[in-house]
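Numbering (the numbering used here), first residue to last: 3 to 457. Encoded as structure tokens, the structure appears first; notes follow it.
Here it is, written out as structure tokens:
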């Protein structure tokens with residue numbers, strides 16, 4: 003495999019970096035202690051009231067998902083306490099009649115596997131294997147493709163079927179965790195189960211309404227495709243994200259992931275990528291959606307969720323030797339960082355709309371084309387913010403992190419620090435951090451929610 007990260011000697015530590023790291027660590031500990039005192043063993047802390055809720059089966063999702071962070075931050079006492087509690091989780095004890103297969107896989111199974119790989123604590127792998135065995139049941143359908151939900155009663159009665167209009171990302175984003183579980187246990191059945199989904203995706207990739215991409219929803223039950231909307235946002239995002247990562251995880255042994263990535267990337271660049279019209283002509287890119295009718299139409303509505311794509315393109319470019327993709331990844335990551343800085347809170351909205359240039363090259367600013375809607379006071383270039391919230395999403399900072407590790411360029415650290423400071427300023431509560439209702443104004447309010455992925 004080619005080298006992905008910059009050479010070790012290029013990374014320079016400074017006093018500012020140490021101070022910033024300590025600040026991030028302190029902020030994490032503040033939220034962790036609040037969870038520990040107010041919501042221990044529950045899925046989520048409610049950061050305004052100090053109450054708790056269980057949207058993910060009641061299996062301590064925040065605790066499990068944060069295990070690797072505890073280890074990375076060298077909070078070993080906290081890690082040991084949380085690992086002991088995680089090892090005692092009873093997967094058979096839940097108030098739910100069905101659990102979301104995708105969410106349980108990425109949060110619980112992923113959290114256990116990553117923390118095991120870091121710590122080599124055997125109890126965590128044992129707990130991950132128990133969960134993997136339970137989730138494996140979801141593939142017990144007539145065509146061995148899983149549904150969106152793992153319904154326990156249907157599973158017991160042998161009545162499970164795949165969905166006819168399920169988010170394309172959901173069954174397609176189990177493969178990394180299941181593959182890693184097979185690698186760690188030497189049991190190929192987990193990899194085999196999700197590989198069937200990969201074979202389905204491979205088989206239909208070039209026969210969709212936008213050949214090369216998969217639409218937002220798929221008919222997994224009949225192994226067919228009908229949808230006409232294509233996106234790297236909600237419902238489809240991690241399907242694409244996992245392609246280069248799976249190539250790396252398998253050491254390049256399955257060439258299909260490279261083929262699928264290259265094919266999809268070409269179509270994404272041609273039909274979804276756009277450069278916004280901006281007064282200062284910043285060299286940034288964003289992703290919209292494509293809808294296929296009589297012709298292919300680009301919607302320039304962008305989502306915070308799509309900010310993962312900067313890291314995806316940069317990683318894919320490094321893995322497969324495609325310098326254009328590294329450049330696109332940098333411009334996408336820079337775009338999300340710019341969008342954060344453009345708003346008065348220093349945070350970008352969940353969903354927003356920009357005015358696109360005719361090509362990916364710079365275009366002149368045209369005031370008449372920029373028409374903010376609904377009387378929103380938006381920065382120049384932004385036409386609308388359909389969802390002005392910030393719900394503690396991680397995608398933008400992930401791409402910034404990847405770009406830093408690929409380049410060792412301190413500008414990415416500075417960008418991340420600006421993002422962190424803004425997030426702390428506007429999301430902090432007495433206990434932890436909360437989602438924000440409207441990032442387009444400094445006079446905003448908070449929602450009593452702290453998503454699992456935040457810590």
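Cβ coordinates follow ideal geometry from the N, Cα and C atoms, glycine included.
Quick check: what's the CA-CA separation for residue i versus residue j?
i: residue 277; j: residue 363; result: 7 Å
i: residue 165; j: residue 98; result: 20 Å
i: residue 300; j: residue 396; result: 26 Å
i: residue 2; j: residue 41; result: As shown, the chain starts at 3 and ends at 457. That puts residue 2 outside it, with no answer to give.
i: residue 361; j: residue 111; result: 42 Å
i: residue 109; j: residue 133; result: 11 Å
i: residue 55; j: residue 30; result: 20 Å
i: residue 86; j: residue 63; result: 14 Å
i: residue 446; j: residue 457; result: 22 Å
i: residue 225; j: residue 337; result: 36 Å
i: residue 287; j: residue 275; result: 7 Å
i: residue 285; j: residue 266; result: 23 Å
i: residue 341; j: residue 351; result: 8 Å
i: residue 157; j: residue 243; result: 29 Å
i: residue 260; j: residue 448; result: 42 Å
i: residue 430; j: residue 159; result: 47 Å
i: residue 327; j: residue 46; result: 37 Å
i: residue 237; j: residue 229; result: 12 Å
Please work out which residues of its chain come closer than 7 Å, Cβ to Cβ, to residue i, disregarding the five sequence neighbours upstream and downstream, and give them in chain order.
i: residue 73; result: 81, 117, 120, 121
i: residue 32; result: 434
i: residue 254; result: 3
i: residue 426; result: 29
i: residue 195; result: 138, 141, 180
With 16 other CB atoms within 10 Å as the buried threshold, where does residue i fall?
i: residue 207; result: buried
i: residue 444; result: exposed
i: residue 188; result: exposed
i: residue 203; result: buried
i: residue 262; result: buried
i: residue 417; result: buried
i: residue 290; result: buried
i: residue 130; result: buried
i: residue 20; result: exposed
i: residue 184; result: buried
i: residue 371; result: exposed
i: residue 44; result: buried
i: residue 484; result: Not covered by the structure: residue 484. The range shown for the chain is 3 to 457.
i: residue 124; result: exposed
i: residue 385; result: buried
i: residue 268; result: exposed
i: residue 68; result: buried
i: residue 366; result: exposed
i: residue 391; result: buried
i: residue 437; result: buried
Within its chain, find whatever has a CB closer than 8 Å to the CB of residue i; leave out the 5 residues flanking it on each side and keep chain order.
i: residue 150; result: 102, 103, 104, 165, 168, 169, 172, 173
i: residue 209; result: 227
i: residue 383; result: 278, 279, 280, 281, 344, 356, 357, 372
i: residue 147; result: 141, 164, 173, 198, 199, 202, 222, 223, 225
i: residue 349; result: 342, 392, 421, 424, 425, 428, 438, 441
Suppose the cutoff is 6 Å on Cβ atoms and the five residues either side in sequence are ignored; what does the same chain contact list for residue i look like?
i: residue 312; result: 331, 334, 335, 401
i: residue 388; result: 353
i: residue 240; result: 171, 175
i: residue 163; result: 143, 223
i: residue 455; result: 396
i: residue 235; result: 305, 307, 308
i: residue 460; result: Coverage of the chain is limited to positions 3 through 457, which leaves residue 460 absent and any answer about it impossible.
i: residue 346; result: 444
With DSSP as the reference, label residue i as helix, strand or coil.
i: residue 95; result: coil
i: residue 82; result: helix
i: residue 139; result: helix
i: residue 386; result: strand
i: residue 161; result: coil
i: residue 187; result: helix
i: residue 293; result: strand
i: residue 433; result: coil
i: residue 50; result: coil
i: residue 14; result: coil
i: residue 67; result: helix
i: residue 425; result: helix
i: residue 302; result: coil
i: residue 19; result: helix
i: residue 153; result: strand
i: residue 438; result: strand
i: residue 449; result: strand
Margin query: Suppose only complete runs of 3+ residues qualify. What are the beta strand (DSSP E) ranges in the region 236 to 290, listed by chain order?
Written below: None, since the region 236 to 290 contains no complete beta strand (DSSP E) of that length.
Practice problem: Write down every uninterrupted run of the alpha helix (DSSP H) in the region 165 to 232 whose length is 4 residues or greater and which is fully enclosed by it, in chain order. | Solution: Secondary structure within the region 165 to 232: the alpha helix (DSSP H) runs of 4 or more consecutive residues, fully enclosed, are 171 to 174, 177 to 187, 191 to 206 (chain order).
query = Quick one: complete beta strand (DSSP E) runs, 3+ long, within the region 100 to 141?
reply = As far as the region 100 to 141 is concerned, its whole beta strand (DSSP E) runs of at least 3 residues are 100 to 102.
ask   = Mind pulling the beta strand (DSSP E) runs of 3 or more residues that sit fully within the region 353 to 398?
value = Complete beta strand (DSSP E) runs here, min 3: 353 to 356, 384 to 389.
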